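Numbering follows this note's numbering, with no gaps: position 159 of the sequence shown is 172.
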Amino acid sequence: MTTESKQDPTKVPTTLDEIRATVRSRYGATALRVVDGGAASCCGPAEGSSGCCGSTSESWDPITADLYDAGETAGLPAEALLASLGCGNPTALAELRAGETVLDLGAGGGIDVLLSARRVGPTGKAYGLDMTDEMLALAERNRAQAGATNVEFLKGHIEAIPLPSNSVDVIISNCVINLSGDKRQVLKEAFRVLEPGGRFAVSDIIVREGLPATVKESMALWTGCVAGALEEQEFIGLLTEVGFEGPSIEPTRVYTRDDAAALLQGTGLDASLADQVEGKIMSGFVRATKPTAPVEPGARVRPAVPADLPAVERLLVASDLPLDGVRDAFPTFVVAEAEGEIVGVAGLESCRDDALLRSVAVVDAWRSRGIGRALVTRVISDAEARGCRALYLLTTTAERWFPSFGFRQISREEVPAAVRETEEFRSACPASACVMCRPCATA
């Protein structure tokens, strides 16, 4: 017997495992119903039950109604739209740009992932994360039918996102965060995987102060994205707490008394509660930004561009570091810039499934000001984003500094052949150099 079948359907789940089991059961049933030719309603009622907001699948649902324009979804599989259990249209509000990497938390049947993929174009990437096998299978089918080549669906929990740190430009979500049993952890994970300067842009259900306790305790309304939702200031406070800047909530639909009556229908709650619920539930668009990399004021870390090469070569020569292989590996270097000058550099040289950290240098006037640490942190994140198994380095002077980043000393015999074959490893560094290794988080 499964965990889901043992649960009391009238009991509001309290533990993270109970919440996941409830959501997985209901969303899985929704996916199967769509595959069988039915329609989804609200946030995924269990098969044979009334809609998760208390309405039947044939009745009007104030949360999910009229979210997408017909022109916007033209050409996408009908099943992707039928499986949409959202409360907004984050792709239309997130201002996605060509070439960006987007992650959708709780992708469901994939409607927002496919729309995002269109907006970021062939040079961008759209990830969809979901924990429900049935929804993932439906999403993959919709991806194939849409012919989307820049889309990837991942299985996992939004409290533990299976992507490297600093690897996506934008995080979207559509009426999913309210269903998590650990919302603070979801926001911490979102902050972790966003690039510095990355954008958090999600649609969700928000409640305002004064929502009746009986509504909050309703199982039907909890799975209908209402009773588990955060209050406005609570959401803003959590975003600030985990490190985001400029958090804001823009109401996109404030529910009227008639909407509240529709939400309460079939829940077993007194219909008179509609008067107390009116105006206290809304769909909202939640925005926040991850701060840029913390370095000395006046400096910033960014990817190197070809025009930086002469300044970087001068800095490496002044630091007694070799130039062997720098030009070939330069597209994956990062630099620190301050007052219009290159004041630091670090390189990432790809070696098949592994990578070499090299050419770490900072001008004398900018040492001890956080530049070197910011550069190394950025290269580590870039290596993880590329899916590298491990990052290697050689050093003659900083073997006591690099362990703070997770590096450990190893023997030369432990280094993969592809790394040993690099010009720097073969000839540029003396045989007495210390060899160090750091496994990547994605390994």
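Backbone N, C-alpha and C fix where the C-beta goes; we use that ideal spot for every residue, glycine too. Quick caveat: nothing in here was measured; it's all calculated off a predicted structure.
Our two residues, Glu426 and Ala349, have alpha carbons roughly 33 Å apart in a direct line.
Residue pairing of Ser296 in beta bridges, as defined by DSSP: Ile218, Arg266. Fewer than three beta-carbon pairs drawn from the stretch 285-299 and the stretch 193-206 are found closer than 8 Å, and the two stretches are therefore not classed as touching. DSSP, reduced to helix, strand and coil, places Thr136 outside both helices and strands of the structure shown, so it counts as coil. Taking a C-beta distance under 7 Å as the contact criterion, Thr302 and Arg212 qualify as a contact pair. When rounded, the separation of the alpha-carbon atoms in Pro135 and Val126 is 14 Å. In summary, Val133 is buried, with 16 or more beta-carbon neighbours lying within 10 Å of its beta-carbon over all protein chains present. Beta bridge pairing from DSSP links Gln422 with Met449. Each residue's CA atom was taken as its position, placing Leu276 and Gly121 some 22 Å apart. Distances from the alpha-carbon of Ala374 to those of Val356, Asp367, Cys364 put Val356 closest.
Secondary structure note for Asp367: its beta strand (DSSP E) is the uninterrupted segment 367-375. Ala351 is classed as buried because its beta carbon has at least 16 other beta carbons within 10 Å across all chains shown. The C-beta of Pro177 has 16 or more other C-beta atoms within 10 Å across all chains shown, which makes the residue buried. With a contact defined as Cβ atoms closer than 8 Å, Ile174 and Thr104 miss out at about 19 Å. Comparing C-alpha distances from Arg382 to each of Ile294, Ser332, Arg313, Cys188 shows the shortest one belongs to Arg313. Residue pairing for Thr114: DSSP places it in a beta bridge opposite Lys138.
With distances taken between CA atoms, Arg451 lies nearest to Thr390 out of Gly297, Thr390, Asp337. Residues of the same chain with a CB within less than 7 Å of the CB of Val392, apart from the 5 flanking positions on each side, are Val347, Ala359, Leu361, Leu370 in chain order. The continuous beta strand (DSSP E) containing Phe166 extends over residues 164-168.
Secondary structure at Ser363: strand, using DSSP grouped into helix, strand and coil.
Ranking Gly297, Arg221, Leu252 by CA distance to the CA of Ala107 puts Gly297 first. A direct Cα-Cα distance of roughly 41 Å separates Phe418 from Leu151. When DSSP states are grouped into helix, strand and coil, Asp195 belongs to the coil group. For Glu147, there is no enclosing beta strand (DSSP E); the enclosing alpha helix (DSSP H) covers residues 146-159. Taking Gly259 as the centre and dropping the five residues before and after it, the same chain places the C-beta of Arg300, Ala301, Thr302 closer than 8 Å to its C-beta, in chain order. Counting along the chain, Glu397 sits inside the alpha helix (DSSP H) bounded by residues 384-398. Residues Ala139, Ala161, Asn163, Val164 of the same chain have their beta carbon placed closer than 6 Å to that of Ala130, with the five preceding and five following residues left out of the count. If you draw a 10 Å sphere on the C-beta of Lys168, you find fewer than 16 other C-beta atoms in it, and that means exposed.
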